[in-house]
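**Q** Residue numbers (full-length UniProt numbering): 1 to 183. Don't be surprised by glycine CBs; every beta carbon is placed ideally from N, CA and C. Model, not experiment: these values are computed from the prediction.
#1: Pick from 89, 78, 64 and 101: whose alpha carbon is nearest that of residue 33?
#2: Does the region 158 to 167 come close enough to the region 49 to 59 that 3 or more CB-CB pairs lie under 8 Å?
#3: What would DSSP say about residue 76, mapped onto helix, strand or coil?
#4: Classify residue 113: buried if its beta carbon has 16 or more other beta carbons within 10 angstroms, exposed otherwise.
#5: What's the C-alpha gap between residue 77 and residue 148?
#6: Contact defined as beta carbons within less than 8 Å: I believe residue 39 pairs with residue 31. What is the distance between those atoms, to the nearest angstrom?
#7: Using the C-alpha atoms, what's the distance from residue 131 back to residue 73?
#8: Taking the alpha carbon of residue 115 as the point to measure from, which residue in 168, 98, 75 and 152 has its own alpha carbon closest?
#9: Just how far apart, CA to CA, sit residue 134 and residue 81?
#10: Taking 6 Å as the limit between beta carbons, can you name the residues of its chain near residue 103, skipping five residues before and five after?
#11: For residue 91, name the three-state secondary structure that DSSP assigns.
#12: Just to confirm my understanding: we take residue 129, look at its own chain, exclude 5 residues before and 5 after, and list those with CB closer than 7 Å. What are they?
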């Protein structure tokens, strides 16, 4: 009888271990391996939840300025260091007020509960501080576009991302060191 019980428990144990492995893989797929930030899928789920719960929430898009030049001049390892540092600065700025993600390349995204409380000027300053890399001060700069969800006719994440993207490109055209909110 004991052999019968053991035979029925082993497959269950195997499935439990397999389920744990799959859960860890799914969690890691929702994190960018270089920066530790959420990937698009992981960030989107969190952002939609936050937008539903906080009517003063805002969505931000951040794009590093002159990233290709930095990468070409100082090498890919320096570029990776710039991406990781940008992620750390964005994560720190969001704190408990929101969540950050990396969409890919040199493009980042964030959602915060209340943009006024988060202080966009502080983020802009942080993202423009040089990075000390192997004894060299690397210039960092970023364009930021923000959209307050309450200003949209239909408060969806897709529309907020579109508006933040437009505001980001307007900031890129206006200044090298800038941020802009939509509307």
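**A** In short:
#1: Reading the chain shown from its first residue, position 33 is the one you call residue 33. When each option's Cα is compared against that of residue 33, the closest is 101.
#2: Between the region 49 to 59 and the region 158 to 167, the count of C-beta pairs closer than 8 Å reaches three or more; the two stretches touch.
#3: In the chain shown, counting from the first residue as 1, residue 76 sits at position 76. Three-state result, residue 76: helix.
#4: The residue labelled residue 113 in the question sits at position 113 within the chain shown. That one is buried.
#5: If you number the chain shown from 1, residue 77 lands on position 77. If you number the chain shown from 1, residue 148 lands on position 148. Taking the straight line joining both Cα atoms gives about 35 Å.
#6: Numbered from 1 along the chain shown, position 39 holds the residue referred to as residue 39. Numbered from 1 along the chain shown, position 31 holds the residue referred to as residue 31. Cβ-Cβ separation between residue 39 and residue 31: approximately 7 Å, consistent with a contact (criterion under 8 Å).
#7: Position 73 of the chain shown, counted from the start, is the residue given in the question as residue 73. Position 131 of the chain shown, counted from the start, is the residue given in the question as residue 131. A direct Cα-to-Cα measurement between residue 73 and residue 131 gives close to 15 Å.
#8: Position 115 of the chain shown, counted from the first residue, corresponds to residue 115. Among 168, 98, 75 and 152, the Cα nearest to that of residue 115 is on 98.
#9: Taking the chain shown and counting its residues from 1, the one referred to as residue 134 is at position 134. Taking the chain shown and counting its residues from 1, the one referred to as residue 81 is at position 81. Looking at the two C-alpha atoms, the distance is approximately 10 Å.
#10: Here residue 103 refers to the residue found at position 103 of the chain shown. Within the same chain, 40 and 109 come within 6 Å of residue 103 by CB-CB distance, once the 5 residues on both sides are set aside.
#11: Indexing the chain shown from 1 puts residue 91 at position 91. Of the three classes helix, strand and coil, the one that applies to residue 91 here is helix, per DSSP.
#12: Along the chain shown, one-based indexing puts residue 129 at 129. Setting aside the 5 residues that flank it on each side, residue 129 is surrounded in the same chain by 140, each with a C-beta closer than 7 Å to its C-beta; the list follows chain order.
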